[in-house]
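Using the numbering used here, the first residue of the sequence shown is number 292, and each one after it goes up by one.
Let me begin by presenting the structure, written as structure tokens, before commenting on it.
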Amino acid sequence: GAEEVGLVGSSVAAEAADREAVRAVVNVDSNVFGRTLRLDHHDFDALEAAAERVSDRFDHPVSTGEELVPHSDHWPFVKRGIPGYMVSGETEGRGRGWGHTHADTLDKLESRNLREQAILLTELVVDLAEADASIPRRDTDEIAAALEAEGKATGMKLTGDWTF
């Protein structure tokens with residue numbers, strides 16, 4: 292029942308977290324449906340650079356995006372300016388597929404996708420943890436302005452998800 296809209300656990304965790312101790316959040320959500328990883332980095336340049344380093348290191352395609360994705364476990368952190376990824380899989384126009392339905396069962400898992408993506412995501416987390424430079428935060432006013440510019444603010448205000 293609490294998937295995406297009205298999340299509770301990640302909101303509580305983000306509120307309780309020492310924000311300076313959280314380097315970045317990697318929310319692995321709906322990734323193995325598509326073979327190519329999609330890493331929405333919410334316009335955190337350092338996260339985009341890390342994704343590109345891993346893609347280059349493994350000579351493996353990775354799709355990145357800067358658009359804000361305000362409905363998943365990373366969002367309670369990102370809206371506070373903490374760097375975060377929304378990890379999914381490129382669906383090539385297939386929409387959500389089986390996800391979030393009663394048919395979303397383990398037999399649909401593409402084991403090759405899981406194996407490849409687990410390697411890439413593990414390396415991504417190691418890269419972020421070992422980075423010499425800190426990962427700059429974003430100002431919450433900047434995040435709110437981006438939501439307005441992307442046309443997402445109105446819906447968030449209507450559903451009570453606007454916290455800016």
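Glycine included, each C-beta is placed from N, C-alpha and C at the ideal position.
Just so it is clear, the structure is predicted and the values come from calculations on it, not from any experiment.
The residue among R326, L359, A312 and A337 with its C-alpha nearest the C-alpha of L438 is L359. Counting C-beta pairs closer than 8 Å gives three or more between the stretch 326–333 and the stretch 373–392, which meets the contact rule. Uninterrupted beta strand (DSSP E) stretches at least 3 residues long and entirely within the stretch 334–409 occur at 353–356 and 375–380, given in chain order. Sequence-distant Cβ neighbours of T382 in its own chain, meaning closer than 8 Å and more than five residues away, are F324, G325 and G388.
Residue range V316 to S321 is occupied by the beta strand (DSSP E) that includes V316. Assignment of D452 by DSSP, reduced to helix, strand and coil, places it in the coil class. Cβ neighbours of V316 within its own chain (closer than 6 Å, five residues either side excluded): H365, F368 and G375. For the pair of segments examined, the stretch 445–453 was found not to touch the stretch 348–357: the number of CB pairs separated by less than 8 Å stays below three.
D309 carries a coil assignment under DSSP once its states are collapsed to helix, strand and coil. Your pair E421 and V345 does not check out as a contact, with CB atoms roughly 12 Å apart and the cut at 8 Å. Buried is the label assigned to S363, since at least 16 other Cβ atoms lie within 10 Å of its Cβ. Within the model, the alpha-carbon separation for F349 versus L419 is close to 16 Å.
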